[in-house]
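Let me begin by presenting the structure, written as structure tokens, before commenting on it.
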Amino acid sequence: MSLTSKLLLTVTLSIVASVGAVAWLIEARTRESFRDVYQERTSALVSQFRKEFDRGGDGVTQGVEAIASSESMLQMALELSNGADAAAFVNAAAGYASVQHFDFLDILGPDGSIISSAHWPARVGYKQRWVVEQSSSIPQHAFLRQVETPQGNLLGIFCVRSLKTRGLNFYVLGGRKLDTALHSLAMPAGMRAWIYSSPEQGQGAFLSSNDESFDSGRLTPLAQQALEQRKDTSVTVHWDNGDEEAFHAVILPGYTERPPAVLLIGNSLQQQRMLEAHIEKVSLLIALFGALFGVVVSTVIATRIVHPVRDLADAAAKIGSGDWNVHVEPASSDEIGKLAEAFNQMTQELIGQRERLVQSERVAAWRELARRLAHELKNPLFPLQITVENLLRARESSPEQFEEVFRESTSTLLAEIANLKTIISRFSDFSKMPAPQIQAVDLNDLVLSIVQLFQGQLMREPARITSDLQLGKVPLVSGDPVLLRRVIENLVLNAVDALPKGGRLICRTGMADKYVFFELSDTGVGLTPEECERLFTPYYTSKQHGTGLGLAIVQSVISDHHGRITVSSRKDAGTTFHVELPVFEAGMKEAANS
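Counted the way the numbering used here counts, the sequence shown spans residues 444 to 1037.
So, in structure tokens, the structure goes:
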């Protein structure tokens, strides 16, 4: 990925990520604010309901107390305690209920039996045992309770008062329906409420509501969960039409620990969802504009930064390929411009150092050439000098033996002169390396033929050398078969010299990136790091014989083939030569020969 693409991607992602993070924070804060609003509205509605409940409860309590303390009620209790027939008072509750506007009213005897019932006269004679059994725990204030009526179970606000006559307790149980308290609530927009009643026996039901258009099956589990856990519960309901509503189940306590009912308050999430959708839409638009802005900014930055940097990279590549006549024009006076100036200064310093290095290497090469040439020429010159001196002494001291000495000395002179010619010929060959005649070469066939050629020498006792061919599937290489054969033969001969006591010779071929490689490894004595560094230097040799030109010629041939040769070795662990050659391609032969 280019620097321009990276810069564009970084700026765009940074802007989009920033917009997304801000949108997420705003949306989270919006949800939190709506949650606080819903909580406040729910608390206010619950508080309003409880005020209505308390007001209704106070009215029920006052009404029950008025009935229990009335003279007519005292007179009825007195007569009943004296053994009067209860049937005479069967309709008394209806009159009291009418005066106090009660929906429910039962007058109970000392054993809890119903003497008179305003809401269900047919139940006269039935017993309300809970009133007698729990008379000590029944609260003095109003409470919620389920009551049976001909129309079914109803939930009401009740109060119980007792009056005592001649040691007997009579009870007045009166109340009003709870739904009147619910209908009197001032419901804010987007809110609605229901009351879920849970009788002691049987299934619960929604007994009252200010909105009948709801699916009770979706809310029943919430109400039952609150009743089972006996604590307030909240949940979000997703309706079939796509609307969402947050519900709060508030426990409504009764006269026992078991709650008789639950107040369900619903808050519509429509406004919240609309606001969240609006925030997301606005954030998306801002992100799109931000991305466009990022493209513009990235383009501007790329023009001012990436293009000059690319010019520097191209200039560095040209220098790396050998073109030292490169100059980068500073496009500005900022850091990029200073970088271009520093690059130009560095290039000039590199050129100077390169020239000094070339001069030093040239001087060192001439010195090494002179040293090696002097060493090579000194060996045959010394016998020549001795031979000439012997001739002079023979001529002066033994003229009669001069002919015999002359013949012997002439043979010696000719042999040493031939040796001098051989040395000079080798130096001449190195200085006049032929240009490679490029063609397609099968490297595996070439290696196989050379190993077979040397097989007899390798298997010679006592220094027996075993060869191991590991030839891979490689394409044809671009090269001169004669020169490449000379390279491989030279490497094989060097490896044989490194195995005076025998050993193993391993030949490998294969692919490495875009090059075909040939490796030759031996298990010989190995080389030191210093010897590896000087191994390809002309006239350097670590052997007792030779001119030190063999590996220098090998390196020269590989370089002419646009390849590379390296050596790796460890003392007493063997040596490996690694040669890389280019793959043969159409047109390479003509380009190389031209």
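Ideal Cβ positions, reconstructed from N, Cα and C, are used throughout, including at glycine.
These numbers were taken from a predicted model, which means no experiment stands behind them.
Unbroken alpha helix (DSSP H) run spanning A720, endpoints:
713–744
From the DSSP output, read off the bridge partner residues of D549.
Residue pairing by DSSP puts D549 in a beta bridge opposite S560, L616.
For K761 and L978, the rounded distance between their alpha carbons
30 angstroms
According to the Cβ coordinates, are Q667 and G647 closer than 8 angstroms?
yes
Strictly by DSSP, which residues pair up with H770?
In DSSP, H770 forms no bridge with anything.
Anyone know if the C-beta pair for F690 and L712 falls short of 8 angstroms?
No, the Cβ-Cβ distance between F690 and L712 is not below 8 angstroms.
Could you tell me the alpha carbon to alpha carbon distance between A730 and T485, rounded to whole angstroms?
37 angstroms
Using DSSP with H/G/I as helix, E/B as strand and the rest coil, what is D683?
D683 falls in the coil class under three-state DSSP.
Inter-stretch contact (C-beta, 8 angstroms, three-pair minimum) for the stretch 606–619 and the stretch 544–555
yes
Among E1028, L606, A565, P842, which has the Cα closest to the Cα of V575?
Of the candidates E1028, L606, A565, P842, the residue whose Cα lies closest to the Cα of V575 is L606.
Check for me: the alpha helix (DSSP H) holding D757 runs from which residue to which?
750–763
Sort V705, F1027, L451 by Cα distance to L735 and report the nearest one.
L451
Taking the beta carbon of E973 as the centre, do at least 16 other beta carbons fall within 10 Å, making it buried, or is it exposed?
By the 10 Å Cβ count, E973 comes out exposed.
Quick one: Cα of E932 to Cα of I893, how far?
7 angstroms
Beta strand (DSSP E) segment containing D675, residue limits
Counting along the chain, D675 falls outside any beta strand (DSSP E), and DSSP gives it neither H nor E.
Just to confirm the assignment: which complete alpha helix (DSSP H) runs, minimum length 4, are found wholly within the stretch 467–552?
Counting only runs of 4 or more residues that sit fully inside the stretch 467–552, the alpha helix (DSSP H) segments are 514–524, 535–543, in chain order.
Taking A1016 as the reference, give the member of R929, Q913, L970 with the closest Cα.
L970
Euclidean distance between Cα positions of L1024 and I996
16 angstroms
Taking the alpha carbon of S641 as the point to measure from, which residue in L670, G993, K494 has its own alpha carbon closest?
L670
Please classify T455 as buried or exposed, where buried requires at least 16 neighbouring CB atoms within 10 angstroms.
buried
Q900 versus V935: straight-line alpha-carbon distance, rounded:
11 angstroms
Just to confirm before moving on: does the CB-CB distance between G953 and V917 stay below 8 angstroms?
yes
Going by alpha carbons, who is nearest to E522 out of A878, K449, A540, R609?
R609
Around the Cβ of V959, are there at least 16 other Cβ atoms within 10 angstroms (buried) or fewer (exposed)?
Per the 10 Å Cβ criterion, buried.
Here's the rule: buried if 16 or more other CB atoms are within 10 angstroms of the residue's CB, otherwise exposed. What is D923?
buried
When the Cα atoms are used, what is the spatial distance from A466 to S476?
So the alpha carbons of these two residues sit roughly 15 angstroms apart.
Could you tell me whether the Cβ atoms of I708 and P702 are closer together than 8 angstroms?
no
Applying the 10 Å Cβ sphere with the 16-neighbour rule, what's the burial state of D546?
buried
What residue ranges within the stretch 888–976 form continuous beta strand (DSSP E) runs of no fewer than 3 residues, ordered along the chain?
908–914, 920–922, 946–955, 958–965
Can you name the start and end residues of the beta strand (DSSP E) that V575 belongs to?
Element bounds for V575: not the beta strand (DSSP E) but the alpha helix (DSSP H), 572–576.
Sort out for me which residues DSSP pairs L706 with in a bridge.
I638, V693
Give the secondary structure of F786 by DSSP, where H, G and I count as helix, E and B as strand, and everything else as coil.
helix
Supposed close pair L948, I908 - CB separation, criterion 8 angstroms
Confirmed, Cβ separation roughly 6 angstroms.
Name the DSSP beta bridge partners of L824, please?
The partner list for L824 (beta bridge, DSSP) is empty, contrary to what the question assumes.
Inter-stretch contact (C-beta, 8 angstroms, three-pair minimum) for the stretch 587–606 and the stretch 525–535
At 8 angstroms Cβ cutoff, the stretches do not touch.
Between the C-alpha atoms of Q491 and K570, what's the straight-line distance to the nearest angstrom?
36 angstroms
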